[in-house]
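Enquirer: Sequences listed follow chains L and S, in order.
Counting in our numbering, the first sequence runs from 464 upward without gaps.
Counting in our numbering, the second sequence runs from 464 upward without gaps.
Idealized CB from N, CA, C, for every residue including glycine.
Number of protein chains: 2
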Amino acid sequence: MDTKVFAHHDHAACQAEGIAVAAAVCAQKGLRLTPQRRRVLEILLSRHRAMGAYAVLAILRGEGMGNQPPVVYRALDFLVKHGFAHKIERLNAFIACTRPGAPHAPAFLICRTCDTVAEAHIDPGGGTLGDEAGAAGFTIERTVVEALGLCPKCRDAA
Amino acid sequence: MDTKVFAHHDHAACQAEGIAVAAAVCAQKGLRLTPQRRRVLEILLSRHRAMGAYAVLAILRGEGMGNQPPVVYRALDFLVKHGFAHKIERLNAFIACTRPGAPHAPAFLICRTCDTVAEAHIDPGGGTLGDEAGAAGFTIERTVVEALGLCPKCRDAA
DNA sequence: ACTTGCATTGTTATATGATAACATCACTTA
DNA sequence: TAAGTGATGTTATCATATAACAATGCAAGT
Ligand SMILES: [Zn+2]
Ligand SMILES: [Zn+2]
Ligand SMILES: [Zn+2]
Ligand SMILES: [Zn+2]
Chain L
464 MDTKVFAHHD
474 HAACQAEGIA
484 VAAAVCAQKG
494 LRLTPQRRRV
504 LEILLSRHRA
514 MGAYAVLAIL
524 RGEGMGNQPP
534 VVYRALDFLV
544 KHGFAHKIER
554 LNAFIACTRP
564 GAPHAPAFLI
574 CRTCDTVAEA
584 HIDPGGGTLG
594 DEAGAAGFTI
604 ERTVVEALGL
614 CPKCRDAA
Chain S
464 MDTKVFAHHD
474 HAACQAEGIA
484 VAAAVCAQKG
494 LRLTPQRRRV
504 LEILLSRHRA
514 MGAYAVLAIL
524 RGEGMGNQPP
534 VVYRALDFLV
544 KHGFAHKIER
554 LNAFIACTRP
564 GAPHAPAFLI
574 CRTCDTVAEA
584 HIDPGGGTLG
594 DEAGAAGFTI
604 ERTVVEALGL
614 CPKCRDAA
């Protein structure tokens, strides 16, 4: 799990690696990491928080890289579709993936005080829910798992 | 788990019980299950599907029980706050609780074909995620767990 | 009955999140 | 060059949710 995000870490490396991996995966799969898409990913990578589409759009606007909602939604759709970003349903917001390229079932730890979001990885068919789904004949294709609470730093501060 | 919702069952009993339990809990806790709130709960209980706030509002309108968004959002807030309904984050929609009154951590199985939603119950601090959160010092207060896939009926039909 | 306080409801307006539709541009390939 | 495809620009609109304030209803205490 990437709970390092709750503590000090080499964040410049986070960002650089995120972009580098995305670029490598795109090159390998024949996808086009266009300037807009790359910039949106950079924006998401700039912090370990989820950002709303319109917050991203505001930044793009300031840089002359797009003025209308579809611009940012298209970029976000691309990033989410290919696993470079995730949508946090609870927040209607988006965050860069910390394990891009590799297929995985993400889960998120969301601090209600500082809004930091850590990405964990789970077995989508595992646990109690997987057992019950199996017993009921329900086929799980995708999971949304988001835990809300307090990160260690904010808990200690309280 | 209430996966009976994927098959034939005595649904009239579902509805009657939902209302009866809500009324009993409200009486016991000094809450007011007003006509509007009761009616919204009845609407949610009418099917094992999540309904958008505006879909509920459309029904209320047809019955002269409210014309503006705040009417339905207030009723939904009340029902969610006191555990008579849940919000499905993935769908921006609401569903009646199948275990009202008792505190619980719900999880949902959402069929992408027929839109039926079953409510399961999980241990919020259990499983891989709970372990990882504990290891990271993250305190889980609430969980959003939504599995998307195919219910047995729709899978057999495919 | 009166009044005081508080929860609920009515209503207007607006904020926030997301997509449809269509024109234009750019890059690839025949 | 021409056609085909994917990406971008742009307008308009839809969908979801809340702020703010007025009016009403209800209960407790006098
Ligand atoms: Zn980092
Ligand atoms: Zn925090
Ligand atoms: Zn039923
Ligand atoms: Zn189904």
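Following the continuous beta strand (DSSP E) through Gly612/L, name the residue where it begins and the one where it ends.
Expert: Residues 602-613.
Enquirer: So is Asp654/S buried or exposed if we call it buried at 16+ other beta carbons inside 10 Å?
Expert: In this structure chain S extends from 464 to 621, so residue 654/S is not present and cannot be described.
Enquirer: With Gly525/S and Gly546/S assumed to form a contact (beta carbons below 8 Å), what rounded beta-carbon distance in angstroms separates them?
Expert: Between Gly546/S and Gly525/S the Cβ distance is about 28 Å, and since that is not below 8 Å, they are no contact.
Enquirer: Quick check on Pro532/L: does DSSP put it in helix, strand or coil?
Expert: Looking at Pro532/L - three-state DSSP - the assignment turns out to be helix.
Enquirer: Going by beta carbon distance, what residues of the same chain come within less than 6 Å of Leu520/L, once the five residues before and after it are set aside?
Expert: Within the same chain, Leu520/L has close Cβ partners Val535.
Enquirer: Report all residues from its chain with a CB closer than 7 Å to the CB of Cys489/L; omit the five preceding and five following residues, and keep chain order.
Expert: Cβ within range, chain order: Arg495, Leu496.
Enquirer: What is the DSSP secondary structure of Cys560/L, reduced to helix, strand or coil?
Expert: Coil.
Enquirer: List the whole-angstrom C-beta distance separating Leu504/L from Ala548/L, where the pair is believed to meet the contact cut-off of C-beta under 8 Å.
Expert: Right, their Cβ atoms sit about 7 Å apart.
Enquirer: Can you tell which of Glu595/L, Gly588/L, Cys574/L has the C-alpha that lies nearest to the C-alpha of Ala599/S?
Expert: For Ala599/S, the nearest C-alpha among the options comes from Cys574/L.
Enquirer: For the putative contact between Glu609/S and Val607/L, defined by C-beta atoms under 8 Å, what is the C-beta separation to the nearest angstrom?
Expert: That belief holds up - the Cβ atoms of Glu609/S and Val607/L are roughly 4 Å apart, short of 8 Å.
Enquirer: Below 8 Å on C-beta distance, what does His539/S contact in chain L?
Expert: The displayed chain sequence assigns Leu, not His, to residue 539/S. Those within 8 Å of Leu539/S in chain L number zero; the least Cβ separation is about 16 Å.
Enquirer: Do Thr576/L and ligand 2 come close, with the Cβ less than 8 Å from some heavy atom?
Expert: Checking the Cβ of Thr576/L against ligand 2 gives yes.
Enquirer: Look up Arg512/S in the DSSP assignment and give the residues it is bridged to.
Expert: Answer by DSSP bridge pairing, in chain order: Thr579/S.
Enquirer: Would you decide whether Gly493/S is buried or exposed? Buried here means 16 or more other CB atoms lie within 10 Å of its CB.
Expert: Its Cβ having fewer than 16 others within 10 Å, Gly493/S is exposed.
Enquirer: Measuring only the C-alpha atoms, how far is Tyr517/S from Pro532/S?
Expert: About 7 Å.
Enquirer: Listed in chain order, which residues of the stretch 590-611 of chain L have Cβ atoms closer than 9 Å to some Cβ of chain S?
Expert: Cβ contacts with chain S come from Gly590, Thr591, Leu592, Gly593, Glu595, Ala596, Ala598, Ala599, Gly600, Phe601, Thr602, Ile603, Glu604, Arg605, Thr606, Val607, Val608, Glu609, Ala610, Leu611.
Enquirer: From what residue to what residue does the beta strand (DSSP E) around Lys550/S run?
Expert: Its beta strand (DSSP E) spans residues 548-551.
Enquirer: Hey, Ala596/L and Leu572/S are a contact pair by Cβ (cut 8 Å); roughly how many whole angstroms apart?
Expert: Contact holds; Cβ gap of about 6 Å.
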